[in-house]
Amino acid sequence: MSCVEPKANLTNADGQSDQDHNPFDSMQPRVPLKTPVDRKNGRHVKANDILPKGVYLPNNNYMAPHMKSPEYVQLSTAAAITLGVMGGRMHRCGCTRCLNLLLTYPEGCRANCAYCGLARHREADRDYADRNFIRVDWPAVPMAEIVDIVASDPKESPFHRMCISMITHPQSDADTFTVLRQWTDRIDPEAIPVSILSNPTTMTRDDVQKTRDLGADIFTVALDAATPAVFDRTRGKGVQSPHKWSKYWEILQDAKDIFGRQKFGAHIIVGMGETEYEVLQLVQELVDLGGHSHMFCFFPEQGSLMDHLPATPRDQWRRVQLARYLIDYRGVRVDQMRFDDQGRVSGYGIPDAELAGVIDEGIAFRTSGCPGKFQDDISACDRPYGDSPPSDIASYPFQPVKKDLKLIRRQLDIPIRQE
Ligand code: SF4
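Okay, so the sequence shown: first residue is 1283 according to the numbering used here, each after it adds one.
Take a look at the structure:
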């Protein structure tokens, strides 16, 4: 059964757009259909009274309505493998450096974001515990078990950071505090700092302050959309979702005041209909405020309201990735860059030789996010294959090597340097 009406696909055989960027007019999500009453609010799961037992892997299918936060959290497949609660290997990665946690409830997230695998309309298709976020599964694990494992030796832990991702749910503020307290009671936040990926829709300034008081290090806002029009269409009224651009910015400003410089930021998805100029202006605005941008490449998640749309073309993505890195870490300003009449980057504002050096370092093309213990511009949060398949990597969860850089230069249409 599906609440999603299939539409024509705009991609070629590789799921990529035939165009060299995703313009606004071609990125319209479909309208969510009505959820059947017997599937609404996790009713199907809550009709049972089965107790959860240990780690729940997606598609275990035992519908345990009591498997919910704060006792349980979901964690990314990469984090579950690194923690040792799940078997498996990751393409070209030994481990992940970020323990990404996600609050969980049988009725799931109550928002309906068009690009997200956890969106409310999907309750017609899959129980919440079995839904993937974007591209990867998130097994559910007792929070006490996670804390026990990491607290046994935080200094030697592979994790450089822990992150609590909130979802839109009436309990998510209170449960975020409980999960955070449970962590900082046993694990020194100096050894493994904590980030909060917030859901502003349910939050107040006092809530932001409380996360700081409980020991959070960095506070980020999942703005996701780069402009008010894209936001409204993908996360607001356009898809019967409760989010408002103004509320996200209110909480972002609170985070700036409370957490201070370099300790707040916003997530942005590239390729949902904004121009390259628009998204880079937003990156500049965040830097001018004293924060950072963490970027994702749009991926048409199967079952989402945007699964009929093309993934961000790699040339658009690489241009924005490179320009964002220059603004965030190399002091280049967006007004030094050049853009064509469709808002595409046509000049990066620094001499060619300098640009070539930045490309060859490869860091600009790694996953962006909160820093770990290596250096400020290398994210702990490497999210392996969270925005692309391993066969066509968007964000590199490892240091790109020579063959990767050759491909990146081709995608950027910048010739390979003669050695
Ligand atoms: S609020 Fe977050 S988890 Fe919920 S649908 Fe939107 S993007 Fe997905």
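Virtual Cβ for every residue (Gly too), placed ideally from N, Cα, C.
Is any heavy atom of the ligand SF4 found at a distance shorter than 7 Å from the C-beta of T1386?
Residue mapping note: residue 1386 aligns to position 104 of the sequence shown, counting from 1. No, Cβ of T1386 sits at least 7 Å from all heavy atoms of the ligand SF4.
Within a Cβ cutoff of 6 Å, which residues of the same chain sit near Q1301, ignoring the five residues on either side of it in sequence? Counting from 1 along the sequence shown, the entry for residue 1301 is found at position 19. The answer is none, since no qualifying residue turns up.
Q. Hey, which residues come within less than 5 Å of the ligand SF4, measuring from Cβ to any heavy atom, in chain order?
A. C1391, A1393, C1395, C1398, L1400, A1401, I1449 and T1450
task = Pick out the complete beta strand (DSSP E) segments inside the region 1377-1406, 3 residues or longer, and give them in chain order.
result = 1380-1385
K1519, buried or exposed, once every other Cβ within 10 Å from all chains shown has been counted against 16: In the sequence shown, the residue the question calls residue 1519 occupies position 237. Exposed is the call here.
If you reduce the DSSP assignment to three classes, tell me which class V1521 lands in.
Residue numbering aside, residue 1521 sits at position 239 when the sequence shown is read from its first letter. Three-state result, V1521: helix.
- Work out the CA separation of R1494 and I1469 for me, nearest whole Å. Translated into the one-based positions of the sequence shown, residue 1469 becomes position 187. Translated into the one-based positions of the sequence shown, residue 1494 becomes position 212. C-alpha separation (whole angstroms): 16 Å.
(request) Look at the alpha carbon of E1472 and the alpha carbon of N1342, and state the distance between them as a whole number of angstroms. (result) Here residue 1472 is taken as the residue at index 190 of the sequence shown, counted from 1. Here residue 1342 is taken as the residue at index 60 of the sequence shown, counted from 1. Going from the Cα of E1472 to the Cα of N1342 covers about 36 Å.
Can you grab the Cα-Cα spacing for the pair F1546 / C1445, in whole Å?
What you label residue 1546 is simply residue 264 of the sequence shown in a count that begins at 1. What you label residue 1445 is simply residue 163 of the sequence shown in a count that begins at 1. The straight-line gap from Cα to Cα measures roughly 13 Å.
Cross-strand partners of C1375 (DSSP beta bridge):
As a working note, residue 1375 is residue 93 in the sequence shown. Its beta-bridge partners are M1372.
- Query: When you compare only the Cα positions, how much space is there between M1425 and L1385?
  - Reply: Residue mapping note: residue 1425 aligns to position 143 of the sequence shown, counting from 1. Residue mapping note: residue 1385 aligns to position 103 of the sequence shown, counting from 1. Spanning the two alpha carbons is a distance of roughly 10 Å.
Self-check item: Length of the line joining the Cα atoms of V1640 and H1576
Solution: On the sequence shown, position 358 is the one that residue 1640 refers to. On the sequence shown, position 294 is the one that residue 1576 refers to. Approximately 18 Å between the Cα atoms of the pair.
| request: Below 6 Å CB to CB, which residues in the same chain sit around T1450 once its five sequence neighbours on both sides are set aside? | output: Walking along the sequence shown from the start, residue 1450 turns up at place 168. For T1450, where only same-chain residues beyond five positions count, the Cβ hits under 6 Å are C1391, R1392, A1393, N1481 and T1483.
key: Buried/exposed call for T1516, threshold 16 Cβ in 10 Å   = Along the sequence shown, one-based indexing puts residue 1516 at 234. Flag for T1516 reads buried.
Quiz prompt | Euclidean distance between Cα positions of P1334 and E1389 | solution = Looking up residue 1334 in the sequence shown gives position 52. Looking up residue 1389 in the sequence shown gives position 107. So the two alpha carbons sit approximately 16 Å from each other.
In its own chain, which residues sit with a C-beta less than 6 Å from the C-beta of P1682, not counting the 5 before and 5 after it? Taking the sequence shown and counting its residues from 1, the one referred to as residue 1682 is at position 400. Once the five neighbours on either side are set aside, the close Cβ partners of P1682 are G1644 and F1647.
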